[in-house]
Structures are given as structure tokens and as C-alpha cells.
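Everything below concerns the one structure shown next.
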Amino acid sequence: MLYAILCYHDEDVVGAWTKEEDEAVLAKRARTTDRLAAQGKLGPVARLMPTTAAVTVRSGDEPLVLDGPFAETKEQLLGFYLIDCASLDEAIGAAREMGHGESGAFEVRPVRLFRAGTAKLEALEA
Amino acid sequence: MSELAWIDAALKSARPQALGALLRYFRDLDRAEEAFQEACLRALKHWPVNGPPRDPAAWLILVGRNVALDDVRKRARTTELADEALVSDLGDAEADLAERLDSSHYRDDLLRLLFICCHPELPAVQQIALALRIVSGLTVPEIARAFLVGDSAMEQRITRAKRRVQAAQLPYETPGAVERAERLGTVATMLYLLFNEGYSASGGTAHIRRHLCEEAIRLARLLLKLFPSEPEIMGLLALMLLQHARAAARLDEGGAIILLEEQDRTCWNRDAIAEGLNLMEKAIRHRRPGAYQLQAAIAGVHAQAPRPQDTDWAAIDQLYAALETLQPSPVVTLNRAVAVAKLAGPEAALAMMAPLAKPLAGYFHFFGVQGWLYLQLGRKDEARAAFDRAISLAHTPAEAAHIRQHLDRLAEDSRAAG
């Protein structure tokens with residue numbers, strides 16, 4: 001079974017960390033992720049840009065693009081896509097296209113740091 | 001990260017919003033600050049035991065308000081005091097308050113708190129000092145170090161500025177749309193001044209200056225969270241991020257300035273550049289250009305050039321031309337002249353600068369650029385004269401040292417020739 005571990009934290013607090021504090025947290029986590037990587041169990045890892053970098057696309061007949069992160073509480077996070085685009089407009093275009101005629105929303109957030117991981121994802125998919 | 005450090009960071013990040021709300025309740029800056037201080041003390045006592053609250057700002061607002069109200073009651077010797085238990089278990093009250101304090105309240109509270117620091121009668125430096133004290137919660141000695149003055153002098157300055165602000169009619173009513181936009185513009189200017197105070201190296205150590213830039217970035221980010229659809233606030237934050245991305249490459253070990261062309265671009269902060277460029281993409285979607293967006297776009301062009309010779313000077317020239325139209329200023333034209341020098345040569349740039357000689361007669365960079373252009377044309381005497389003038393107008397030892405290098409080289413050349 002594939003599992004997604006979603007990271008939640010107060011971004012103001014994390015943003016105020018010094019480089020050393022930030023690295024200390026990552027080093028501590030690396031004890032887990034390095035082990036998983038060695039076992040071929042670590043999939044893609046991503047660190048997102050701050051929420052100020054986000055744009056939200058409200059699905060519908062005419063999908064609506066709003067600045068800022070997804071902030072409603074009545075919907076829940078149900079999945080995510082990782083796409084490689086030349087521009088923010090292209091990424092928003094993809095979200096608009098998918099959201100056409102649907103309800104719900106897509107938050108489009110640039111990825112700050114990405115590692116592909118070591119897991120053989122094709123094998124897991126089958 | 002230790003518990004105490006976590007609480008410290010949470011208090012710091014909650015301060016602008018909590019203090020802004022307390023100011024709205026008490027309509028008195030001193031009382032709001034006292035209430036916030038007291039709430040912080042209680043947080044240090046309760047959070048390690050009860051765990052961090054869901055919404056630290058809401059917790060601090062509620063506790064700060066209760067503590068101060070108790071204080072009023074105590075002085076009035078009326079009803080029984082609410083005991084510590086009341087504030088120690090906030091549970092639903094905290095959630096209620098968080099609901100009521102929707103983002104529009106937070107938004108105007110924070111804007112008000114920043115706006116009162118921008119009192120038009122206060123000189124820019126005092127506006128910045130006041131904002132650092134009140135909004136950011138920096139200590140007086142920290143601020144004094146940043147401005148290279150003694151603690152007591154800074155204490156006096158801040159006290160005077162505060163009195164000035166208090167005496168003025170503080171704007172407590174909810175602002176209308178036009179007024180809100182005006183306040184936002186005023187506050188954006190102050191934040192940019194704060195950033196520049198750190199960036200332009202007019203005083204203090206590199207470490208302290210970096211701290212000022214980071215504080216300006218933090219506050220601009222907070223502002224953007226509350227006004228997520230304002231392209232100029234996106235532009236402001238983008239501009240700060242793109243400029244600050246070069247911080248590690250801007251000064252050498254001795255503190256001397258390294259020009260953009262000579263900087264080690266591998267030292268530029270790629271995360272900050274990526275974030276700044278992304279914010280620019282967001283801003284451009286609004287099709288409402290402004291001065292911060294244009295300046296950010298210029299910084300973005302530099303940031304995207306892997307080597308100095310890859311710089312798209314035509315784009316920079318066009319962006320400065322747009323900025324000249326939007327916000328005409330001799331300094332903008334001077335900057336454009338640098339792009340023109342790259343595109344059309346030093347003579348074209350000197351011609352463009354000729355009308356600026358009078359308005360920029362006391363401006364360090366005017367003579368720095370002039371000297372640099374004369375040097376390229378081999379007009380050494382004129383170059384020397386321009387650099388002499390520049391050095392007499394330098395604001396910092398780093399600026400003076402940079403011009404000194406040119407003069408020393410000129411002197412060496414003439415010795416070699418003679």
C-alpha cells in the first residue's frame with residue numbers, strides 16, 4: 001500500500017527558523033527517510049513554497065482563480081497531482097481544465113524542493 | 001527545537017495580529033502593549049503545561065483582554081476577580097473568538113497597527129524605529145544597534161514618536177475601501193524603507209542589517225496573507241525576496257561592496273529567487289502594473305541571468321522606461337542610463353544623464369555611474385573628478401572603499417604612464 005504523509009505546521013514559526021534549526025529538523029527526519037530510502041520504500045518528497053505563493057482554482061462551469069491558499073474548512077484534502085510546467089499560468093490552466101464542470105477546488109502551489117525518492121513506483125502501481 | 005524556542009517563535013509570529021486586536025479593544029497603545037506582555041507571560045506559564053493553543057493569536061488576544069479587564073476591575077474594586085483557571089482553560093472560548101475574529105478584522109487590525117507608525121509628521125527613520133518596536137517587538141537596544149545610536153537616545157526617540165502617535169487621532173473606525181487602499185500604500189512604503197535600511201548598509205553590522213531585511217520580508221508576507229489579491233503587495237514581497245536573495249554575495253569578507261557583475265551568482269539564494277519570480281507571475285495576472293511590480297521585474301531579470309553577460313538589458317531598459325512613466329524620478333532615469341550604457345554604449349548613457357546633473361548634484365550613485373562611464377571612454381581626468389565627488393558623498397565606509405579602488409587604479413595607471 002502506498003501512503004502519503006502530509007506535513008502540517010505553523011508556517012510563520014517554521015519560516016522563523018534559522019538555517020541551523022531547519023537543518024536540524026531535516027537531519028532528525030533523515031533518520032527515518034534515509035532508512036526508508038535504503039529499503040527502496042521512499043517515494044517522492046516535496047517541500048512546498050509558502051502559502052503566499054499559492055493560487056486556488058474553484059471548480060465549476062466557469063472555474064474561478066483566486067489568490068492565496070485553499071482556506072475553506074468544509075472540504076477535505078483528497079489527493080494531489082505533481083505537474084511540471086513552464087509557468088504558473090500553465091499550471092493554473094491545467095487545474096482549470098480539470099475543474100471544469102466539477103465542484104470543489106484545486107490549490108496550485110509551487111514546489112520548493114523535490115526529491116524523486118528510491119521506491120520503484122511502477123511496481124507498486126501494479 | 002526546544003519547547004521554549006517554539007513558544008518564543010509562536011509569540012513573535014502572533015504579536016502583530018494580537019497587538020493589533022488589543023489596540024482595537026483598548027484604543028490605547030500602552031495599555032495594549034501591557035496586556036500583550038502579560039498575555040505572553042501567561043503563555044510561557046501555561047503552554048508548556050497545557051500544550052500550544054490551536055490559534056496562538058486568538059489565545060493571546062482573549063487572555064490579554066481578560067487580564068487587562070481584571071486589572072480595571074481591580075482598580076475599581078468592584079466585582080470578584082476572574083481567577084487563573086478562567087484563562088488557563090480556554091477551550092470553546094478560544095474557538096469562539098477565533099471564529100468571530102475573521103480575517104477582515106485581523107486585516108484591519110494589523111493594517112492599523114502598521115499605519116499608526118507611519119504618522120506623516122514622523123521622519124522615515126522614526127517611523128521604521130517605531131514599527132520595529134511596536135509591531136515587530138524588537139528591543140530598544142536591538143533597534144539602537146541597527147541605527148548606530150546609543151540605547152538611551154533610541155529610547156527617547158521611540159518614546160517621543162509614540163507620544164506623537166498617541167496624541168494624533170488614531171484611526172479606530174473600520175476603514176472604507178479607498179481609505180484602506182491608501183493605508184496599504186503608506187504601509188507598503190514604510191516596509192520598503194525598512195527593507196532598504198537593511199539593504200543599503202547605512203549602518204550596523206551585516207548581521208543586524210540582514211535582520212532588518214528579514215523583518216521587512218516577514219511583515220510584507222503577513223500583509224500579503226491579509227490582502228492576498230493586491231498585486232502591488234505581491235510585487236513588494238517579490239522585490240524584497242529577489243534583492244535579499246543576493247545578500248550572501250553582496251559584501252566580501254572585509255565588508256566591501258561587490259557589484260552585481262562581480263558577484264558569485266552561485267551564492268544567490270535560489271529558493272528566494274524562485275519564490276519572488278512566482279509572486280511576479282501571480283501579480284502580472286492582475287494586469288495592474290505598479291512601481292513595486294516593475295522594480296521586482298527588473299530584479300527578476302538580473303536574477304535569471306546565469307552570468308552577467310546573459311543579462312537581458314533590453315528588457316531592463318523597457319522596464320525602467322515603464323517605471324519612468326509611472327513614477328518619474330531622476331534616480332529611475334539614472335538607473336535606466338546604466339541599461340542604456342550596456343545597450344548603446346557609454347556616450348548615449350552620459351547624454352541621458354546630462355539633465356540629471358542638477359537634481360542629483362548630491363547623489364553618490366550619480367557620480368559613481370558617471371565615473372564608471374568616463375572610465376570606459378578613457379576620459380580619465382573626468383572619471384577622477386566624478387569619483388572624487390562620489391567619495392565625498394558616500395554614506396558608508398563600504399561605498400567609499402569601493403570608489404577608492406577606482407581612484408587607486410587610476411593613480412596607478414597614471415604613475416605607470418608617467
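Here the protein sequences come in this chain order: A and B.
Numbering follows my numbering, with no gaps: position 73 of the first sequence is 73.
Numbering follows my numbering, with no gaps: position 332 of the second sequence is 332.
Backbone N, C-alpha and C fix where the C-beta goes; we use that ideal spot for every residue, glycine too.
Note down, in chain order, every chain B residue with its Cβ under 9 Å from the Cβ of residue i.
i	result
Gly93/A	Chain B residues near Gly93/A: none, gap ~12 Å exceeds 9 Å.
Leu36/A	Those do not exist, as Leu36/A stays about 23 Å from chain B at its closest Cβ, beyond 9 Å.
Met1/A	In chain order: nothing, as chain B lies at least about 31 Å away.
Which chain B residues sit within Cβ distance under 7 Å of residue i?
i	result
Ala53/A	Glu275, Asn278 and Leu279
Gly79/A	Neighbours of Gly79/A on chain B: none; closest Cβ ~23 Å, over 7 Å.
When the cut-off is 8 Å and only beta carbons count, does residue i lie next to chain A?
i	result
Lys45/B	no
Ala10/B	yes
Arg288/B	no
Leu237/B	yes
Pro48/B	no
Leu132/B	no
Pro228/B	yes
Leu191/B	no
Ala13/B	According to the sequence shown, residue 13/B is Ser rather than Ala. Yes, because at least one Cβ of chain A sits closer than 8 Å to the Cβ of Ser13/B.
For residue i, would you say it is in contact with chain B, using Cβ-to-Cβ distances shorter than 8 Å as the test?
i	result
Ala16/A	yes
Ser59/A	no
Pro110/A	yes
Pro63/A	no
Phe114/A	no
Asp186/A	With chain A covering only 1 through 126, there is no way to say anything about residue 186/A.
Gly68/A	yes
Glu20/A	no
Once you ignore the five residues that flank residue i on each side, which residues in its own chain have a CB closer than 8 Å to its CB?
i	result
Tyr172/B	Arg24, Arg27 and Arg112
Ser2/B	none
Leu326/B	Pro289, Gly290, Ala291 and Leu294
Arg157/B	Gln126, Ala129 and Val149
Gly15/A	Pro50
Cutting at 6 Å between CB atoms, please list the residues of its own chain near residue i, excluding the five before and the five after it.
i	result
Glu312/B	Before going further, note that residue 312/B is Asp rather than Glu in the sequence given. Contacts found: Val301.
Arg42/B	Val63
Phe114/A	Ala46
Leu323/B	Leu294 and Val332
Glu215/B	Ser136
Arg404/B	none
Met234/B	Leu279, Lys282 and Ala283
Gly255/B	Ala398
Leu86/B	Interpretation of Leu86/B is limited by its pLDDT of 46, a score under 50 that renders its predicted location unreliable; no figure is taken from the coordinates.
Asp89/B	For Asp89/B, the pLDDT reaches just 48, beneath the cut-off of 50, and the residue's location in the model is therefore unreliable, although a value from the coordinates is still provided. Around Asp89/B: no qualifying Cβ.
Arg336/B	Tyr320
Ala39/B	Leu60, Val63 and Gly64
Could you work out which residues of chain A lie near residue i, taking near to mean beta carbons separated by less than 8 Å?
i	result
Trp6/B	Val13
Arg221/B	Gly15, Pro50 and Thr52
Leu224/B	Thr52
If residue i and residue j are in contact, beta carbons under 8 Å, what's the gap, nearest whole angstrom?
i	j	result
Gly68/A	Thr51/A	7 Å
Asn66/B	Ala53/A	Between Ala53/A and Asn66/B the Cβ distance is about 37 Å, and since that is not below 8 Å, they are no contact.
Ser103/A	Gly60/A	7 Å
Leu237/B	Ala220/B	4 Å
Pro356/B	Leu375/B	Per the sequence shown, residue 356/B should be read as Leu rather than Pro. Contact doesn't hold; Cβ gap of about 18 Å is too wide.
Ala35/B	Leu22/B	5 Å
Phe367/B	Ala390/B	4 Å
Lys12/B	Gly137/B	7 Å
Gly20/B	Leu110/B	5 Å
Asp10/A	Ala10/B	7 Å
Leu241/B	Gly276/B	4 Å
Arg265/B	Pro306/B	7 Å
Just the chain B side, please: which residues come within less than 8 Å of residue i by C-beta, in chain order?
i	result
Ser87/A	Glu281
Asp84/A	Correct list: empty, because the minimum Cβ distance to chain B is about 14 Å.
Using a Cβ-Cβ cut-off of 7 Å (strictly less than) and excluding sequence neighbours within five positions of residue i, which residues of its own chain qualify?
i	result
Thr174/B	Asp108
Ala339/B	Trp313, Ile316, Asp317 and Tyr320
Gly362/B	Leu393
Arg246/B	Gln263 and Trp268
Ile116/B	Val165 and Leu170
Pro63/A	Val57, Arg96, Gly99 and His100
Ala401/B	Ala256
Name the chain A residues that come within less than 7 Å of residue i, Cβ to Cβ?
i	result
Asp271/B	Arg112
Which ranges would you report for the beta strand (DSSP E) in the region 49-118 of chain A if only whole runs of at least 3 residues count? 55-58, 64-67, 105-108 and 111-115
Which runs of the beta strand (DSSP E) spanning at least 3 residues fall entirely within the region 7-50 of chain A, listed in chain order? 45-48
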